[in-house]
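For reference, the structure is listed below as C-alpha cells.
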Amino acid sequence: MPQANTNLSNTAFLKIYKTLYKTFGPQHWWPGETPFEIIVGAILTQNTNWHNASRAIENIKMAGLLDPKKLLKERRRIPCLIKTSGFYRMKSRYLRAFLEHYVSNYDGKVERMAEKDTHAIRRELLTIQGIGPETADVILLYALGKRIFVVDGYTKRIFSRHGMVEPDVSYGALQDKIENNLPKSTRLYNEFHALLVRVGKEYCRKNEPLCTTCPLGELLPRA
DNA sequence: TGCCAGGCCGGGT
DNA sequence: ACCCGGCATGGC
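Numbering (the numbering used here), first residue to last: 1371 to 1593.
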C-alpha cells in the first residue's frame, strides 16, 4: 500500500533536514576508509567522543591490525591499542565478540554479510555482546549501505527539545517515526544522522536546556 | 574542577 | 517491563 502520508510532521522532519543541510552542507559520513574501519569505530565510539575513539583506531592502524582476521589473531593486544577510547576492557570484549562472529560466519568479508536481508542482519547483530540498536544500525547504514535510520542520543535530544517527541521515547519508536516521515532514501538517512550529530555537538549539549542560536532555533518550544 | 562524550550490559525491582 | 549503576579516557 503506497502510503499517502502527508501529515504535518512529515514536512517538519524534512524541513529540519533541509535546514541543516543548507547550513552545514554534506558531512561525508561515516569517517573511515573501509567498512571494517567503520564497524570498529561504531563500537569504540559508544558513549565516547569521536576524538578518543579515532585515536584508538589510529593505534590499530599503526599496528597494522585494521583487518578482521589479523585483529582476531592478535586480540590480546586490543586492550592496549584501544585504551584511549575509554571503557576499554568492555570494548575489547565487544570487539572480540564481533570479530569471532564476523570471521567465522562471513570470513571477515563485508559483501558476504551484506548479501542478507537487512532485518535478518540486524537481528543477528543484536545477539552479539556489545552491539545494541544504535551500533547495529550504524553498521547497517554506513558499513553495509542498508537503508535504515540511525537514532542516537543527539537525535532524541534534538527532536524532544523541539517538541516533536517525548524525551523518553524509545529507540524503535523514534526510528519508526522518523522513517515514516521522510523519503525512504539511504543517502538521506546517511546525511541526516551526520547532520544531527553535527548540530547536536555544537548546539544541543546535555547541560544546555534550550539553544537560541542554533539553525533550528525557530522550532524551539517557547520556554 | 566537574561535566560531558555519536551506548550497552546485567542485576535488581 | 522498566530502572539504574558500572564501565574509563581525554578535552574543555
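Every residue gets a Cβ at the ideal spot worked out from N, C-alpha and C, and that includes glycine.
C-alpha distance - Glu-1536 paired with Lys-1576, whole-angstrom precision = Roughly 16 Å separates the two Cα atoms.
Closest residue to Asn-1380 among Glu-1549, Val-1569, Cys-1574 and Ala-1564 (Cα-Cα distance) = Comparing Cα-Cα distances from Asn-1380 to each of Glu-1549, Val-1569, Cys-1574 and Ala-1564, the minimum goes to Glu-1549.
Taking 8 Å as the threshold, find out whether the region 1428-1441 comes into contact with the region 1507-1526 through three or more Cβ pairs.
-> Note that the region 1428-1441 does not touch the region 1507-1526; fewer than 3 beta-carbon pairs, one per stretch, sit closer than 8 Å.
From Arg-1459, Ala-1513 and Val-1520, residue whose alpha carbon lies closest to that of Val-1410 | Considering only alpha carbons, the answer is Ala-1513.
Tell me the start and end of each unbroken alpha helix (DSSP H) in the region 1426-1450 that is at least 4 residues and wholly inside, in chain order.
-> The region 1426-1450 contains these whole alpha helix (DSSP H) runs: 1438-1443.
Starting from Ser-1530, trace the alpha helix (DSSP H) both ways and give me its first and last residue.
-> For Ser-1530, the enclosing alpha helix (DSSP H) starts and ends at 1523-1531.
Validate contact between the region 1521-1541 and the region 1475-1489 using beta carbons, cut 8 Å, 3 pairs = The region 1521-1541 is not in contact with the region 1475-1489.
Where does Pro-1396 land, buried or exposed, given buried means 16+ other C-beta within 10 angstroms?
-> Counting C-beta atoms within 10 angstroms of its own C-beta, Pro-1396 has fewer than 16 neighbours from the protein chains shown and is therefore classed as exposed.
Can Thr-1454 and Ala-1426 be called in contact, C-beta distance under 8 Å?
-> Remark: C-beta atoms of Thr-1454 and Ala-1426 approach each other more closely than 8 Å.
What whole-angstrom Cβ distance do Ile-1408 and Trp-1400 have, given they're in contact under 8 Å?
-> Contact holds; Cβ gap of about 5 Å.
Mind checking whether Val-1569 and Leu-1384 have CB atoms under 8 Å apart?
-> It is not a contact, given that the beta carbons lie outside the stated cut-off.
Look at the alpha carbon of Tyr-1559 and the alpha carbon of Tyr-1387, and state the distance between them as a whole number of angstroms.
-> A straight line joining the alpha-carbon of Tyr-1559 with that of Tyr-1387 spans about 10 Å.
Report the rounded CA-to-CA distance for Leu-1565 versus Phe-1406, giving the unit in angstroms.
-> Rounded to whole angstroms, Leu-1565 to Phe-1406 spans 22 Å at the Cα level.
Would Ala-1543 be called buried (16 or more neighbouring beta carbons within 10 Å of its own) or exposed?
-> Within 10 angstroms of the beta-carbon of Ala-1543 lie fewer than 16 other beta-carbons, which makes it exposed.
State the Cα-Cα distance for the pair Thr-1583 and Val-1539, rounded to the nearest angstrom.
-> Rounded to the nearest angstrom, the gap between the Cα atoms of Thr-1583 and Val-1539 is 25 Å.
What are the uninterrupted segments assigned as alpha helix (DSSP H) that are 4 or more residues long and contained completely in the region 1481-1561, given in chain order?
-> Counting only runs of 4 or more residues that sit fully inside the region 1481-1561, the alpha helix (DSSP H) segments are 1488-1496, 1503-1508, 1523-1531 and 1541-1550, in chain order.
Coarse secondary structure for Lys-1571, derived from DSSP in three states | Three-state result, Lys-1571: helix.
Hey, how far is the Cα of His-1471 from the Cα of Gly-1502?
-> So the two alpha carbons sit approximately 15 Å from each other.
Between the beta-carbon of Gly-1456 and the beta-carbon of Thr-1418, is there less than 8 Å?
-> Cβ distance < 8 Å, so Gly-1456 and Thr-1418 count as in contact.
What number of angstroms, rounded off, separates the C-alpha of Arg-1459 from the C-alpha of Arg-1466?
-> If you take the alpha carbons of Arg-1459 and Arg-1466, they lie about 11 Å apart.
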